[in-house]
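First residue of the sequence shown? That's 1 in full-length UniProt numbering, and the numbers climb one at a time after it. We put the CB at the ideal spot given by N, CA and C, even for glycine. The model shown is predicted, which means the values in this text are computed figures rather than measured ones. Worksheet: the structure to be examined is printed underneath.
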Amino acid sequence: MAKSLVIVESPSKAKTIAKFLGRKYKVKASVGHVRDLPKSKLGINIEEDFQPQYITIRGKGPVLKELRKEAKKAEKIFLATDPDREGEAISWHLAYILGLDENDNVRIEFNEITKNAIKNAIKHPRPINQNLVDAQQARRILDRLVGYKISPLLWRKIKRGLSAGRVQSVAVKLICDREKEIENFKPKEYWTIDAILSKNSEEFKASFYGKKEGNKEVKVEINNKDEVNKILKDIQDKQFIVDEVKQKQKKRNPYPPFTTSSLQQDASRRLGFSTKKTMLIAQQLYEGIDIKGEGSVGLITYIRTDSVRISKEALNSANNYIKEKIGDKYSVGKRQFSKGKKNDIQDAHECIRPTSIYRTPEAIKESLNKDQYKLYKLIWERFVASQMSPAIYDTLSVKIKVGSYIFKARGSKLKFDGFLKIYNISSKDKDIDIPSLAKGEKIELNKIEPKQHFTQPPSRYTEASLVKTLEELGIGRPSTYAPTISTILSRGYVIYENKSLKPTELGTVVTELLEEYFKNIMNEKFTAELEEKLDKVEEGKVQWKDVIKNFYSSFKPILETAEKEINKIEIEDEETDVICEKCGRNMVIKHGRYGKFLACPGYPECKNTKPIVKEIGVKCPECGNEIVERKSKKGRKFYGCSNYPDCKFVSWDEPVNEKCPECDGMMVLKRTKKGTYIKCTNKECGHRKEYNKKKRG
Numbered sequence: 001m002a003k004s005l006v007i008v009e010s011p012s013k014a015k016t017i018a019k020f021l022g023r024k025y026k027v028k029a030s031v032g033h034v035r036d037l038p039k040s041k042l043g044i045n046i047e048e049d050f051q052p053q054y055i056t057i058r059g060k061g062p063v064l065k066e067l068r069k070e071a072k073k074a075e076k077i078f079l080a081t082d083p084d085r086e087g088e089a090i091s092w093h094l095a096y097i098l099g100l101d102e103n104d105n106v107r108i109e110f111n112e113i114t115k116n117a118i119k120n121a122i123k124h125p126r127p128i129n130q131n132l133v134d135a136q137q138a139r140r141i142l143d144r145l146v147g148y149k150i151s152p153l154l155w156r157k158i159k160r161g162l163s164a165g166r167v168q169s170v171a172v173k174l175i176c177d178r179e180k181e182i183e184n185f186k187p188k189e190y191w192t193i194d195a196i197l198s199k200n201s202e203e204f205k206a207s208f209y210g211k212k213e214g215n216k217e218v219k220v221e222i223n224n225k226d227e228v229n230k231i232l233k234d235i236q237d238k239q240f241i242v243d244e245v246k247q248k249q250k251k252r253n254p255y256p257p258f259t260t261s262s263l264q265q266d267a268s269r270r271l272g273f274s275t276k277k278t279m280l281i282a283q284q285l286y287e288g289i290d291i292k293g294e295g296s297v298g299l300i301t302y303i304r305t306d307s308v309r310i311s312k313e314a315l316n317s318a319n320n321y322i323k324e325k326i327g328d329k330y331s332v333g334k335r336q337f338s339k340g341k342k343n344d345i346q347d348a349h350e351c352i353r354p355t356s357i358y359r360t361p362e363a364i365k366e367s368l369n370k371d372q373y374k375l376y377k378l379i380w381e382r383f384v385a386s387q388m389s390p391a392i393y394d395t396l397s398v399k400i401k402v403g404s405y406i407f408k409a410r411g412s413k414l415k416f417d418g419f420l421k422i423y424n425i426s427s428k429d430k431d432i433d434i435p436s437l438a439k440g441e442k443i444e445l446n447k448i449e450p451k452q453h454f455t456q457p458p459s460r461y462t463e464a465s466l467v468k469t470l471e472e473l474g475i476g477r478p479s480t481y482a483p484t485i486s487t488i489l490s491r492g493y494v495i496y497e498n499k500s501l502k503p504t505e506l507g508t509v510v511t512e513l514l515e516e517y518f519k520n521i522m523n524e525k526f527t528a529e530l531e532e533k534l535d536k537v538e539e540g541k542v543q544w545k546d547v548i549k550n551f552y553s554s555f556k557p558i559l560e561t562a563e564k565e566i567n568k569i570e571i572e573d574e575e576t577d578v579i580c581e582k583c584g585r586n587m588v589i590k591h592g593r594y595g596k597f598l599a600c601p602g603y604p605e606c607k608n609t610k611p612i613v614k615e616i617g618v619k620c621p622e623c624g625n626e627i628v629e630r631k632s633k634k635g636r637k638f639y640g641c642s643n644y645p646d647c648k649f650v651s652w653d654e655p656v657n658e659k660c661p662e663c664d665g666m667m668v669l670k671r672t673k674k675g676t677y678i679k680c681t682n683k684e685c686g687h688r689k690e691y692n693k694k695k696r697g
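Dropping the structure here:
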């Protein structure tokens, strides 16, 4: 009997779906895209109305042969690629290769890989959405024009291997702009004055606010020591008197469930995951994990989405779970969220959530690896918390008069934990106790604490803050953030420094060149407007080739000018006093994906490279040479002997220049959530002591 053929992108997704559909269906994987623009040339016929020249991707022959074979035998064919522009385009290319009519009901889509979702999708096939395909084609061709026209220019003018991109170049510019802000920042002095007050021996703190002029309060900034001294002199020997007491209740509402960008940001902040790692693990959770007692099942909904919408079924399920497992008082009913966008093009999607709220992280922990468990737990908790009651705080604000000056004290206490019971986050709203006070009451001053401060420069971007900024500016789409960050790191435009993104000299030079000649490409607003035009293509309001024509008409003359005017740029490598042991030259500092390293300038005759080692001032316990800080292939810091490979001493914990007082063994620094201490490495001894940073060797 003829079977229906279902085609998806990945083998793991095929395995999960096949389990749900049974013997009447054959499920095959295309293993991603099957046709694309050629890598060796532009692949766009500019003179023929920007017609793309698609070719079969090299190595796809055996896959396509198998798909054609199964298609001939099938009674029906369903294209079940991902529910977004990229997935729609893959289905379109598959339809072309298999000779399907794209106007027939050949396309099915689902937001989660569960039995009900798959069976429901099979019952409601539709034609391929050409608007979605055109939006993807427009993006692909825009990116190809920018990349394949500007990148060769960079090769000729700077060096081979460089690239430019519509999103990646703006991302590097943001990082470079932030670095300039930091370099040009001038600290500004300011002071604070805290009064340590007490009532019935119960201490609390009030901070200087300003002056009272008639019935008005005027905030006063303290800029120097002279201004501090004047205030201290004015309040000397004066009584602190309560002027106003306000008691309120404050609600803290839960966050909405995850979108792609908010998941990337939270996984970076809370789990330390890179955007690339987050998306890799999320893809595994979406496509299906082999769960004990269930088999292969998709654990979360589709992972590339801008929407915070929740399906009715998921809302009902969450509401029931919270009432049953957590308690009625934690249930808020059914809460939908809005991103506040007029035209959320991806609102047909849902948020990222668990496919079953009853599949708790602890219940399936044994079936997941460590990272899968961490990410699933984060997604599950965020979704459950989104449907829970607000946290409620009792707050107390007090104004205290001393002469003509005002000090303020604020206190808060968590009255009801609400969603914080599930989604525990670091909060400014920590319990701060203030004794019961009444207007007109006199307060005892214990001490006064003036402190000098200086304003701080803006922080460098982290992966999380860069993703947040790109999203706020409307640059790129959820699916582009992880590959964009990976690209700018691999090209050497940006490096990690203390978990932050710092531009290299190469990144700065390339950015300055592109800013001078390609102002539109590097303009955040222009790039965001292009994204809006792509959305209009998806909505069927704009023709995709019109978007390309309008862009290229202004891009072409700029490109020609840049080709004529840009001179060859030499970027000299920083020379060091480290001698190459193979050829005797002074080694130079190069920038790679994981930071700086030493390389011989005699390349390609001499290909010697080595890491830049950082000595920590501690001798190796095995051979007496220096211990140096190193990094593993995965970027994790460890400590090893500088005499490697002759000496194999290594330690994940940082050794300290101090011997164990009990066994004379090596001591190392141990950092835990509860604090930092020093411990002996001799397991039979186990001596430990308090960590004293000042005395540490």
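{"Asked": "Rounded Cβ spacing between W544 and A138 (contact assumed at less than 8 Å)", "Found": "4 Å"}
{"Asked": "Closest Cα partner of D36 within the set R630, N643, Q136, D194", "Found": "Q136"}
{"Asked": "Top-ranked residue by Cα proximity to K246, from A409, L514, D646, K72", "Found": "A409"}
{"Asked": "L232, buried or exposed, once every other Cβ within 10 Å from all chains shown has been counted against 16", "Found": "exposed"}
{"Asked": "Identified DSSP bridge partners for Q51", "Found": "N45"}
{"Asked": "Endpoints, the alpha helix (DSSP H) within which E532 is located", "Found": "524–538"}
{"Asked": "Check: I300 C-beta below 7 Å from any heavy atom of the ligand ATP", "Found": "Ligands displayed in this structure: none; no statement on the ligand ATP is therefore possible."}
{"Asked": "Beta carbon proximity, K415 to chain D, threshold 8 Å", "Found": "Absent from the structure: chain D. Only one protein chain is present."}
{"Asked": "Start and end residues, alpha helix (DSSP H) containing I379", "Found": "370–386"}
{"Asked": "At least 3 beta-carbon pairs within less than 8 Å: the stretch 453–471 vs the stretch 501–509", "Found": "yes"}
{"Asked": "Three-state secondary structure assigned by DSSP to E658", "Found": "strand"}
{"Asked": "Sheet register partners of E217 (DSSP bridge)", "Found": "K212"}
{"Asked": "Residue range of the unbroken beta strand (DSSP E) whose run includes T676", "Found": "675–680"}
{"Asked": "S10 classed as buried or exposed, judged by whether at least 16 other C-beta atoms fall within 10 angstroms", "Found": "buried"}
{"Asked": "Anticipated Cβ contact below 8 Å, D243 with K401, distance rounded", "Found": "4 Å"}
{"Asked": "Coil, strand or helix - S404 by DSSP", "Found": "coil"}
{"Asked": "Where N498 falls: helix, strand or coil (DSSP)", "Found": "coil"}
{"Asked": "DSSP beta-bridge partners of T455", "Found": "Partner(s): none; T455 has no beta bridge."}
{"Asked": "The stretch 472–487 in contact with the stretch 167–178 per 3-pair CB rule at 8 Å", "Found": "yes"}
{"Asked": "Nearest to N625 (by Cα), restricted to the options S632, F649, C606", "Found": "F649"}
{"Asked": "Bridge partner(s) assigned by DSSP for I569", "Found": "None; I569 has no bridge partner."}
{"Asked": "Backbone secondary structure at L437 - three-state DSSP", "Found": "coil"}
{"Asked": "Coarse secondary structure for V31, derived from DSSP in three states", "Found": "coil"}
{"Asked": "Proximity of residue 699 and G210 at Cβ, strictly below 8 Å", "Found": "This structure cannot speak to residue 699, because the chain is shown only from 1 to 697."}
{"Asked": "Element boundaries [beta strand (DSSP E), containing residue 700]", "Found": "In the structure as shown, the chain begins at 1 and stops at 697. Residue 700 is therefore absent and cannot be evaluated."}
{"Asked": "6 Å Cβ shell around G476 - same chain, five flanking residues per side excluded", "Found": "V167, L470"}
{"Asked": "Beta-bridge pairing of D394 - partner residues as DSSP gives them", "Found": "Q249, K413"}
{"Asked": "Minimum C-alpha distance to L142 - residue among Q51, E179, V6", "Found": "Q51"}
{"Asked": "Contacting residues, own chain, Cβ-Cβ under 6 Å from P611 (five flanking each side not counted)", "Found": "F597"}
{"Asked": "Per-residue DSSP class, three states only, for P11", "Found": "helix"}
{"Asked": "Identity of the residues DSSP links to F638 by a beta bridge", "Found": "R630"}
{"Asked": "Given 8 Å, three or more beta-carbon pairs between the stretch 260–270 and the stretch 386–400", "Found": "no"}
{"Asked": "Through-space distance from A528 to E472, alpha-carbon basis", "Found": "10 Å"}
{"Asked": "Residues of its chain near L162, where Cβ-Cβ distance is below 7 Å and the 5 sequence neighbours each way are ignored", "Found": "S151, L154, W155, R491, V510"}
{"Asked": "Residue range of the beta strand (DSSP E) that includes D577", "Found": "574–579"}
{"Asked": "8 Å Cβ cutoff met for G688 and I678", "Found": "The sequence shown places Arg at residue 688, not Gly. Yes. Within cutoff."}
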